[in-house]
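Trainee: Quick one: structure below, then a few questions.
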Amino acid sequence: MGPTRKSNVCRRLSRRALGFFARDAGVVQRTNLGILRELVCQESTKFKNVWTTHSKSPIAYERGRIYFDNYRCCVSSVASEPKKLYEMPKCSKSEKIEDALLWECPVGEVLPDPSDYKSSLIALTAHNWLLRISATTGKILEKIYLASYCKFRYLSWDTPQEVIAVKSAQNKSSAVARQAGIQQPILLYLAVFQVLPFSLIGILEINKRIFGNVTDASLSHGILIVMYSSGLVRLYSFQAITEQAKNGIQEMECCSLESDWIYFHPDASGRIIHVGPNQIKVLKLNEIENNSSQHQISEDFVILANRENKNENLVTVTASGRVVKKSFNLLDDDPEQETFKIVDYEDELDLLSVVAVTQIDAEGKAHLDFHCNEYGTLLKSIPLVESWDVVSRNDGTQNYEFSLWVPFTGKGVTFYLSRLVYAGDHMKEVIVQYMKQNELS
Numbered sequence: 008m009g010p011t012r013k014s015n016v017c018r019r020l021s022r023r024a025l026g027f028f029a030r031d032a033g034v035v036q037r038t039n040l041g042i043l044r045e046l047v048c049q050e051s052t053k054f055k056n057v058w059t060t061h062s063k064s065p066i067a068y069e070r071g072r073i074y075f076d077n078y079r080c081c082v083s084s085v086a087s088e089p090k091k092l093y094e095m096p097k098c099s100k101s102e103k104i105e106d107a108l109l110w111e112c113p114v115g116e117v118l119p120d121p122s123d124y125k126s127s128l129i130a131l132t133a134h135n136w137l138l139r140i141s142a143t144t145g146k147i148l149e150k151i152y153l154a155s156y157c158k159f160r161y162l163s164w165d166t167p168q169e170v171i172a173v174k175s176a177q178n179k180s181s182a183v184a185r186q187a188g189i190q191q192p193i194l195l196y197l198a199v200f201q202v203l204p205f206s207l208i209g210i211l212e213i214n215k216r217i218f219g220n221v222t223d224a225s226l227s228h229g230i231l232i233v234m235y236s237s238g239l240v241r242l243y244s245f246q247a248i249t250e251q252a253k254n255g256i257q258e259m260e261c262c263s264l265e266s267d268w269i270y271f272h273p274d275a276s277g278r279i280i281h282v283g284p285n286q287i288k289v290l291k292l293n294e295i296e297n298n299s300s301q302h303q304i305s306e307d308f309v310i311l312a313n314r315e316n317k318n319e320n321l322v323t324v325t326a327s328g329r330v331v332k333k334s335f336n337l338l339d340d341d342p343e344q345e346t347f348k349i350v351d352y353e354d355e356l357d358l359l360s361v362v363a364v365t366q367i368d369a370e371g372k373a374h375l376d377f378h379c380n381e382y383g384t385l386l387k388s389i390p391l392v393e394s395w396d397v398v399s400r401n402d403g404t405q406n407y408e409f410s411l412w413v414p415f416t417g418k419g420v421t422f423y424l425s426r427l428v429y430a431g432d433h434m435k436e437v438i439v440q441y442m443k444q445n446e447l448s
């Protein structure tokens, strides 16, 4: 057969404008791509340099966005000339971004926050923080601390746009250990998280005592891929591993509209904090008895909300006059019951700070509790004078000098700053500085 005749681009554009193609979306897409292909392959088509820049750090590209300075600066390449979208503040080497993934909004899902409907950059910092950053403004939307016992360095998708795998750097034995013939049994760690919000699925150590003389490992589409120097590759089901692990799946036994959240304790103890509306569990990893190579998750301590008996009796009288009692349970995040909203850790004082909110009449009342980080014992409770919206998102932090709370309401953002002053030998909770700022949206 002879060479096929090239279709004229102008003719194809005219036919498209007159509707000579099927209205099926796939046909239109293929037609447009065919026209674009013809334009690209024309002999007269050339590349023109429109922008040149230099960077000391690696440059990354994701879907029309160019990232400089370890993802701190973002430039859009979609327009005729590149346009800077944002530039994050300068940071230390320990805070630099090691790796990042672009997350796109899922289609057909109801998300908790309006900002979740826009693209985000999932970033891993050098000091083991996992961040979710707005892809258009550079604002940090969510962050979670991973762990302190290893150095996490790489990000990859397990299930695209749904589950991420965070991989640590490989553990290397010291020269002295190698000379003595001592091998490092743990090669690396894999932490697996569900995206939006960050939710820990599990963390897996690749141990040579279990997997053999392994050289590398990765996770993709629920399959744990383990590689060896001989060229051997073994595949394992990650789901089966999590199900077989003793207490490997943690469930918060509660009935609530809002989801619970779980993360590694920021105190570098390797413990895990699991927060629900009415209880806070601090979990730890223990070696299984008579088997030091395996671990299980157990409770270190639990902090319970101060609640009344939630069982209610509903009395119904039938037509015959018989009284029927029916028992039912209220939601665990019922606004009229004390509900945990914020859990924070003060590293210098080694205290867990917890904010609990209760709906009383028409307004919400909150109090700040300080708990012993080692045993969970309640040490002090301070009522907060500000009114809280119990159904809205809240954020805050505290240290030995001040407390800062930012309740988000439908009308805007309210900022509260409270300070502690010291009088003689006694500490008094006195609000010496009170600032309230409304930023109406």
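Using my numbering, read the sequence shown as starting at 8 and increasing by one per residue. Idealized CB from N, CA, C, for every residue including glycine. These numbers were taken from a predicted model, which means no experiment stands behind them.
Can you name the residues that DSSP bridges to Glu343?
Mentor: Residue numbering aside, residue 343 sits at position 336 when the sequence shown is read from its first letter. For Glu343, which the question treats as bridged, DSSP gives no partner whatsoever.
Trainee: Give the list of continuous alpha helix (DSSP H) stretches no shorter than 4 residues that lie fully inside the stretch 267–314.
Mentor: DSSP runs (the alpha helix (DSSP H)) wholly in the stretch 267–314: none.
Trainee: For the candidate residues Cys48, Ser51, Glu50 and Arg22, whose alpha-carbon lies nearest to that of Thr38?
Mentor: For the purposes of this step, residue 38 is taken as the residue at position 31 of the sequence shown. When only C-alpha atoms are compared, the closest one is Arg22.
Trainee: Please tell me whether Ser127 and Leu148 are closer than 8 Å, where the distance is taken between their beta carbons.
Mentor: Residue mapping note: residue 127 aligns to position 120 of the sequence shown, counting from 1. Residue mapping note: residue 148 aligns to position 141 of the sequence shown, counting from 1. Closer than 8 Å, so yes.
Trainee: Exposed or buried, which one is Val85 when buried takes at least 16 other CB atoms within 10 Å?
Mentor: In the sequence shown, the residue the question calls residue 85 occupies position 78. Answer is exposed; the Cβ neighbour count stays below 16.
Trainee: So Thr249 is in the alpha helix (DSSP H); what residue range does that whole segment cover?
Mentor: Taking the sequence shown and counting its residues from 1, one reaches residue 249 at position 242. From DSSP, the alpha helix (DSSP H) with Thr249 extends over Phe245 to Gln251.
Trainee: According to DSSP, simplified to helix, strand and coil, what is Val233?
Mentor: In the sequence shown, residue 233 corresponds to position 226, counting from 1. Correct three-state label for Val233: strand.
Trainee: For Ala142, collect the residues of the same chain with a Cβ closer than 6 Å to its Cβ; drop the 5 residues on either side in sequence, then sort them by chain order.
Mentor: Counted from its first residue, the sequence shown places residue 142 at position 135. Closer than 6 Å at the Cβ level, and outside the excluded window around Ala142, lie Ser126, Ser127 and Leu128.
Trainee: Which parts of the stretch 76–157 are runs of the beta strand (DSSP E), unbroken and 3 residues or longer, counting only runs that do not cross its ends?
Mentor: Correct list: 80–83, 90–94, 104–110, 127–132, 136–141 and 147–152.
Trainee: Please return the same chain residues whose Cβ sits closer than 6 Å to the Cβ of Gly145, not counting the five positions on each side in sequence.
Mentor: Counted from its first residue, the sequence shown places residue 145 at position 138. Tyr93 and Met95.
Trainee: With distance defined between alpha-carbon atoms, name the residue in Gly219, Gln201 and Ile248 nearest to Ser237.
Mentor: Looking up residue 237 in the sequence shown gives position 230. The shortest Cα separation from Ser237 among Gly219, Gln201 and Ile248 belongs to Gly219.
Trainee: Here's the rule I'm using: 16 or more other beta-carbon atoms within 10 Å means buried, otherwise exposed. How should Glu345 be labelled?
Mentor: Counted from its first residue, the sequence shown places residue 345 at position 338. With 16 or more other Cβ atoms within 10 Å, it is buried.
Trainee: Across which residues does DSSP place His228 in a beta bridge pair?
Mentor: Numbered from its first residue, the sequence shown carries residue 228 at position 221. For His228, which the question treats as bridged, DSSP gives no partner whatsoever.
Trainee: With three or more C-beta pairs closer than 8 Å as the rule, is the stretch 94–111 touching the stretch 71–82?
Mentor: Yes, they touch.
Trainee: Which residues does DSSP pair with Asp165 in a beta bridge?
Mentor: For the purposes of this step, residue 165 is taken as residue 158 along the sequence shown, with counting starting at 1. According to DSSP, Asp165 bridges with nothing at all.
Trainee: Would you give the residue range spanned by the beta strand (DSSP E) that Ile208 belongs to?
Mentor: As a position in the sequence shown, residue 208 is number 201, starting the count at 1. First-last of the beta strand (DSSP E) with Ile208: Ser206 to Asn214.
Trainee: For the structure I just gave you, are there three or more beta carbon pairs, one from the stretch 220–235 and one from the stretch 279–298, closer than 8 Å?
Mentor: Short answer: they don't touch.
Trainee: Nearest CA to the CA of Val350: which residue from Ile140, Leu356 and Asp376?
Mentor: In the sequence shown, residue 350 corresponds to position 343, counting from 1. Looking at the Cα atoms, Asp376 is the closest of the given residues.
Trainee: Just the C-alpha distance for Leu43 and Asn293, rounded to the nearest angstrom, thanks.
Mentor: For the purposes of this step, residue 43 is taken as the residue at position 36 of the sequence shown. For the purposes of this step, residue 293 is taken as the residue at position 286 of the sequence shown. Between Leu43 and Asn293, the C-alpha separation is close to 60 Å.
Trainee: Between which residues of its own chain and Cys112 is the CB-CB distance below 6 Å, once the five residues before and five after are set aside?
Mentor: Along the sequence shown, read from residue 1 onward, the residue named residue 112 stands at position 105. Same-chain partners within the cutoff: Tyr124.
Trainee: Measuring straight from C-alpha to C-alpha, what distance separates Asp357 and Asn380?
Mentor: Within the sequence shown, residue 357 is the residue found at index 350, counting from 1. Within the sequence shown, residue 380 is the residue found at index 373, counting from 1. Computed Cα separation, rounded: 6 Å.
Trainee: Can you tell me whether DSSP reads Arg37 as helix, strand or coil?
Mentor: Position 30 of the sequence shown, counted from the first residue, corresponds to residue 37. In this structure, Arg37 counts as helix in the three-state DSSP scheme.
Trainee: Of all the options Ser175, Ala184, Ser206 and Arg185, which has the alpha carbon lying nearest to the alpha carbon of Ser225?
Mentor: In the sequence shown, counting from the first residue as 1, residue 225 sits at position 218. Ranking Ser175, Ala184, Ser206 and Arg185 by Cα distance to Ser225 puts Ser175 first.
Trainee: Between the alpha carbons of Thr166 and Pro65, how many angstroms are there, rounded?
Mentor: Translated into the one-based positions of the sequence shown, residue 166 becomes position 159. Translated into the one-based positions of the sequence shown, residue 65 becomes position 58. Roughly 26 Å separates the two Cα atoms.
Trainee: Candidates Leu311, Lys158, Cys48 and Asp120: which alpha carbon is nearest Gln177's?
Mentor: The count along the sequence shown starts at 1 and reaches residue 177 at position 170. Looking at the Cα atoms, Lys158 is the closest of the given residues.
Trainee: For Val170, tell me which candidate among Ser122, Ile213 and Ser227 has the shortest Cα-Cα distance.
Mentor: The residue labelled residue 170 in the question sits at position 163 within the sequence shown. Ranking the options by Cα distance to Val170, first place goes to Ser227.
Trainee: Where DSSP assigns a beta bridge to Val57, which residues make up the other side?
Mentor: If you number the sequence shown from 1, residue 57 lands on position 50. DSSP, once it has assigned bridges, lists no residue as partnering Val57.
Trainee: Taking 8 Å as the CB-CB cut-off, is Arg22 touching chain C?
Mentor: Considering every chain present, this structure includes no chain C. It has just one protein chain.
Trainee: Please identify the residue among Ile230, Gly371 and Ile279 whose C-alpha is closest to the C-alpha of Ala247.
Mentor: Position 240 of the sequence shown, counted from the start, is the residue given in the question as residue 247. Per the Cα distances, Ile230.
Trainee: If Lys215 sits next to Gln190, beta carbons under 8 Å apart, how far is it from one beta carbon to the other, in whole angstroms?
Mentor: Here residue 215 refers to the residue found at position 208 when the sequence shown is read from its first residue. Here residue 190 refers to the residue found at position 183 when the sequence shown is read from its first residue. Yes, Lys215 and Gln190 are in contact; Cβ-Cβ is about 7 Å, under 8 Å.
Trainee: If I follow the unbroken alpha helix (DSSP H) through Ala182, where does it start and stop?
Mentor: In the sequence shown, residue 182 corresponds to position 175, counting from 1. First-last of the alpha helix (DSSP H) with Ala182: Ala182 to Gln186.
Trainee: Would you report the Cα separation of Thr132 and Leu138, rounded to the nearest angstrom?
Mentor: Here the question's residue 132 lines up with position 125 in the sequence shown. Here the question's residue 138 lines up with position 131 in the sequence shown. Rounded to the nearest angstrom, the two C-alpha atoms are 8 Å apart.
Trainee: Whole angstroms are fine: how far does the CA of Thr60 sit from the CA of Val82?
Mentor: Sequence index remark: in the sequence shown, residue 82 carries index 75 (1-based). Sequence index remark: in the sequence shown, residue 60 carries index 53 (1-based). C-alpha separation (whole angstroms): 11 Å.
Trainee: Thinking just about the alpha-carbon of each residue, which of Ile217, Gln303, Trp58 and Ser122 is nearest to the one in Ile193?
Mentor: For this step, residue 193 is matched to residue 186 along the sequence shown. Checked all of Ile217, Gln303, Trp58 and Ser122; the closest Cα to Ile193 is Ile217.
Trainee: State yes or no: is the C-beta of Leu108 within less than 8 Å of the C-beta of Leu40?
Mentor: Taking the first residue of the sequence shown as 1, we reach residue 108 at position 101. Taking the first residue of the sequence shown as 1, we reach residue 40 at position 33. Cβ atoms of Leu108 and Leu40: not closer than 8 Å.
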